[in-house]
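Asks: Protein sequences, first through last, are from chains A and B. Counting from 1 along the first sequence, just add 66 to a position and that's the residue number in the working numbering. Counting from 1 along the second sequence, just add 9 to a position and that's the residue number in the working numbering. The beta carbon of each residue, even a glycine, is placed where N, CA and C say it ideally should be. Once you've had a glance at the structure underneath, I'll fire off some questions.
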Amino acid sequence: MRLEYFQLIDQVTALDADAASIVTRAVIPEHSTIFEGHFPGHPLMPGVLLIEAMAQASGFLLLSLNGFARMPYLASVKQAKLRAFVTPGSELEVTAKRIHDGSGYAVLDTAVHTGGKKACDAQLSFRIVAYPAEILHEHMLEKAAAVGLVKAGDIYVVKEEG
Amino acid sequence: MSSTFETVAKIISSMSDVPLEDIKPESHAINDLEIDSLDFFDVVFTIDKEFGIKVPLETWMEEINEGKASADDYFIMKNLCEHIDKLVAAKAA
Numbered sequence: 067m068r069l070e071y072f073q074l075i076d077q078v079t080a081l082d083a084d085a086a087s088i089v090t091r092a093v094i095p096e097h098s099t100i101f102e103g104h105f106p107g108h109p110l111m112p113g114v115l116l117i118e119a120m121a122q123a124s125g126f127l128l129l130s131l132n133g134f135a136r137m138p139y140l141a142s143v144k145q146a147k148l149r150a151f152v153t154p155g156s157e158l159e160v161t162a163k164r165i166h167d168g169s170g171y172a173v174l175d176t177a178v179h180t181g182g183k184k185a186c187d188a189q190l191s192f193r194i195v196a197y198p199a200e201i202l203h204e205h206m207l208e209k210a211a212a213v214g215l216v217k218a219g220d221i222y223v224v225k226e227e228g
Numbered sequence: 010m011s012s013t014f015e016t017v018a019k020i021i022s023s024m025s026d027v028p029l030e031d032i033k034p035e036s037h038a039i040n041d042l043e044i045d046s047l048d049f050f051d052v053v054f055t056i057d058k059e060f061g062i063k064v065p066l067e068t069w070m071e072e073i074n075e076g077k078a079s080a081d082d083y084f085i086m087k088n089l090c091e092h093i094d095k096l097v098a099a100k101a102a
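Right, here's the structure in full:
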């Protein structure tokens, strides 16, 4: 995780295009100024950043399914439940599954698991639109490579090891 | 069995502050019923699920922006319901 750049997903570990689902890995840093304030003596990963992690995993799924051709923007967060404290240094499994492929929008069920337990979940919806700037498109393609995604025809898939 | 209008009116009423009795066939979903664009995505999502269709919202917005159609063509309740009926019929065909 690069919290200061708001980049929360480290790696895509699985992507199923047919099922429209993704599994990603994110490791919370041990130290950050965020934890100094949230909270002194009881450092915790803010719940809103866990939601952002789910949103970013969802974004990578939607981008992969559309070949990184159009940009998803978070539009709504529903029924978010923050079920457990998550501490610095925790390794997260952040998942998303598209439950509806609408016209110019998508709805996903998302979750964060850590230590084998569900820490939070929410239903997220996204608007999917043309990139407002080519530099953003280029940036997202760089991010694709950074998290282990490679182009395969019209979609992106997890890069095979070796 | 509820008509398309009754179903769509219930969806909109349940997702907004608009009383069901205030939703008329002549009502404009956005201008009269004060549903903003984000709420309308939620409405379309529920319509998609309820009727088993995919409302081509992007296409409609492109046609409106290009002047090929007016917002009334798609967002007046009776017109919206007619389009839904056509989408349902097309899916069944």
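I want to verify the contact list: residues of chain A whose CB lies under 8 Å from the CB of B:T68, in sequence order.
Replies: Correct list: S169.
Asks: So what does DSSP say about A:S229, is it helix, strand or coil?
Replies: For chain A, the structure presents residues 67 to 228; residue 229 of chain A sits outside this window and is missing.
Asks: Short of 6 Å in beta carbon distance, which residues of its chain neighbour A:S87, apart from the five on each side in sequence? Order them along the chain.
Replies: Closer than 6 Å at the Cβ level, and outside the excluded window around A:S87, lie K163.
Asks: Could you have a look at A:I75 and say whether DSSP puts it in helix, strand or coil?
Replies: coil
Asks: Using 10 angstroms around the beta-carbon of A:Q145, count the other beta-carbons present and answer buried if the total reaches 16, otherwise exposed.
Replies: exposed
Asks: Would a C-beta distance cut-off of 8 Å place A:S169 and B:K58 closer than the cut-off?
Replies: no
Asks: Expressed to the nearest angstrom, what Euclidean distance is found between the alpha-carbon atoms of A:N132 and A:D167?
Replies: Between A:N132 and A:D167, the C-alpha separation is close to 11 Å.
Asks: Which residues in chain A sit within 8 Å of B:F54, going by Cβ to Cβ distance?
Replies: H166, G168, Y171, V173, S191
Asks: Excluding the 5 residues flanking A:V173 on each side, which residues of the same chain have their C-beta closer than 6 Å to its C-beta?
Replies: I165, H166, S191
Asks: With A:D167 as the anchor, note down where its alpha helix (DSSP H) starts and where it stops.
Replies: Segment 157 to 167 is the beta strand (DSSP E) holding A:D167; no alpha helix (DSSP H) there.
Asks: What residue range is occupied by the uninterrupted beta strand (DSSP E) comprising B:Y83?
Replies: First-last for B:Y83: 80 to 84, but that is the alpha helix (DSSP H), not the beta strand (DSSP E).
Asks: Should B:K63 be flagged as near chain A, meaning a C-beta pair shorter than 8 Å?
Replies: yes
Asks: Judging by CA-CA distance, which residue of A:E226, A:A218, A:Y139 is the nearest neighbour of A:A83?
Replies: A:A218
Asks: Taking the alpha carbon of A:V152 as the reference point, which residue from A:I201, A:A141, A:T180, A:A135 has its own alpha carbon closest?
Replies: A:T180
Asks: The alpha helix (DSSP H) spanning B:M17 covers which residue range?
Replies: Note that residue 17 of chain B is Val in the sequence shown here, rather than Met. Element bounds for B:V17: 13 to 23.
Asks: What separation, rounded to the nearest whole angstrom, lies between the Cα atoms of A:L81 and A:V216?
Replies: 11 Å
Asks: Would a check of beta-carbon distances place A:S124 closer than 8 Å to chain B?
Replies: no
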